[in-house]
DNA sequence: ACCCTTCTATAGTGCTTGTTATAGAACCGT
DNA sequence: ACGGTTCTATAACAAGCACTATAGAAGGGT
């Protein structure tokens with residue numbers, strides 16, 4: 003009833019697939035590319051993950067969940083302004099971390115527009131809380147500031163993917179954080 | 003010596019090709035896609051433009067030249083701060099113009115990293131002039147502000163490509179412009 | 001009217017793509 | 001040890017890709 007055991011670690015394979023999609027995007031990542039990096043054959047991949055679209059969706063969902071949890075954790079400190087500063091800090095670090103592909107999978111992959119929208123709404127929620135708690139000016143437009151923040155971070159991702167250094171990406175974040183501070187109390 | 007005349011307008015064909023690459027990116031734009039939208043056959047396309055990479059380069063060069071000229075024109079007014087305000091204004095308009103594909107070809111196509119770098123350096127030059135002319139604070143880091151501006155505009159492009167409305171894209175620009183104003187005199 | 005040149009249309013090239021049929025291998029429960 | 005189940009490997013599939021050889025059509029120069 004149990005059958006022959008899988009010859010590879012499915013979770014590790016999902017992580018490796020995610021990195022390939024992250025690095026090269028959906029179109030340029032081929033099944034042959036994936037089977038080569040996973041060290042398995044096509045039928046094994048299809049049996050474990052379904053077709054290319056399904057595997058991409060699984061990999062993207064994993065990335066999105068991770069990045070969402072990271073944002074929630076970073077912004078859950080009392081002072082949202084300090085949270086934003088830390089968000090920019092960890093973003094710079096992760097986008098230029100040599101152990102992972104540069105930039106952000108979620109913000110660079112055209113197919114993930116819906117997930118970007120969801121993340122922006124979630125960030126707006128954090129900012130609204132910051133306004134309610136008195137850490138941001140009451141006149142602050144939480145939605146606009148969230149859109150701005152995601153836009154800047156998307157631009158930071160582009161710069162990192164273009165080969166920008168950590169210092170260059172950080173320079174962007176610093177200007178953006180100064181803009182955020184205009185709304186801080 | 004002159005031979006059979008070309009049956010189509012080469013300049014118009016280049017513009018149409020540019021729109022396809024702009025809309026769908028390099029990989030998703032196929033030769034069949036191009037011949038269909040141009041209403042010509044593959045040999046005609048190859049005779050006129052060379053292979054896919056060469057055609058893409060020509061289309062991209064045309065876009066880059068146009069956007070660079072637009073930026074130069076917008077920023078050549080005396081007060082660079084006013085120029086930046088207008089740059090953001092025309093950017094919002096063009097990114098959400100229904101007559102063209104959404105967002106920016108130059109800032110959304112992964113292959114155009116070098117051209118992005120060139121544009122950023124050119125913007126930094128304008129900002130340096132603005133500092134020298136006394137319209138921006140002398141302590142302003144022109145390179146950092148240029149990187150920031152391009153990053154924000156890249157984020158605006160992403161939002162426009164994701165289906166964002168003109169109002170949403172403008173909201174991003176407004177926050178960014180407030181950040182720029184922190185350096186204005 | 002003819003030749004020369006350059007374009008166009010048909011058709012097909014070889015390659016890569018995502019996906020799968022088939023057969024054999026490896027494990028569990030009995 | 002054996003049957004049942006689930007995996008793996010080989011091999012191949014059809015479709016799509018970028019690209020082109022060949023032959024004919026359309027113009028200009030003389």
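Residue numbers (the numbering used here), protein chains in the order written: chain A, 3 to 187; chain B, 3 to 187.
Where is the CB? At the ideal position from N, CA and C, for every residue including glycine.
- Under the three-state reduction of DSSP output, residue 59 (chain A) falls in the helix class.
- Sequence-distant partners of residue 44 (chain A) (beyond 5 residues in either direction) whose C-beta falls short of 7 Å from its own C-beta, in its chain, are 33, 37.
- For the region 61–74 of chain B, no residue has a beta-carbon sitting nearer than 8 Å to a beta-carbon of chain A.
- A:139 is the residue among A:139, A:50, A:149, A:14 whose C-alpha sits nearest the C-alpha of residue 185 (chain A).
- For residue 187 (chain A), there are no C-beta contacts with chain B under 7 Å, since the nearest C-beta of that chain is about 16 Å from it.
- The beta carbon of residue 177 (chain A) sits closer than 8 Å to some beta carbon of chain B.
- Inter-residue distance for residue 112 (chain A) and residue 164 (chain B) is about 8 Å (C-alpha atoms, whole angstroms).
- Interface residue (Cβ-Cβ distance to chain A less than 8 Å): residue 160 (chain B) is classified as such.
- Taken atom to atom, the span from the alpha-carbon of residue 171 (chain A) to that of residue 126 (chain B) is near 16 Å.
- For residue 157 (chain B), the enclosing alpha helix (DSSP H) stretches over residues 144–163.
- One thing to note: residue 103 (chain B) has its Cβ no nearer than 8 Å to the Cβ of residue 12 (chain B).
- Residue 17 (chain B) counts as exposed, since fewer than 16 other C-beta atoms from the protein chains shown sit within 10 angstroms of its C-beta.
- Burial check for residue 151 (chain B): the Cβ neighbour count within 10 Å reaches 16 or more, so the residue is buried.
- Annotation: the continuous alpha helix (DSSP H) that includes residue 128 (chain A) extends over 115–134.
- For residue 140 (chain B), no chain A residue has a Cβ inside 8 Å of its Cβ, as the nearest lies near 17 Å away.
- Residues of chain B with a Cβ closer than 8 Å to the Cβ of residue 173 (chain A) are, in chain order, 143, 145, 146, 149, 150.
- Legend: CB atoms of the region 79–103 of chain B lying less than 8 Å from CB atoms of chain A are not found in any residue.
- Against chain A, the CB of residue 22 (chain B) has no partner CB under 8 Å away; the residue lies outside that interface.
- Within the same chain, Cβ atoms closer than 7 Å to the Cβ of residue 87 (chain A) are found at 179, the five residues on either side in sequence being excluded.
- In the three-state scheme derived from DSSP, where H, G and I count as helix and E and B as strand, residue 186 (chain A) is classed as strand.
- A straight line joining the alpha-carbon of residue 160 (chain B) with that of residue 174 (chain B) spans about 11 Å.
- When Cβ-Cβ separations below 8 Å define contact, residue 119 (chain A) makes contact with chain B.
- Ranked by Cα distance from residue 29 (chain B), the first of B:157, B:131, B:55 is B:55.
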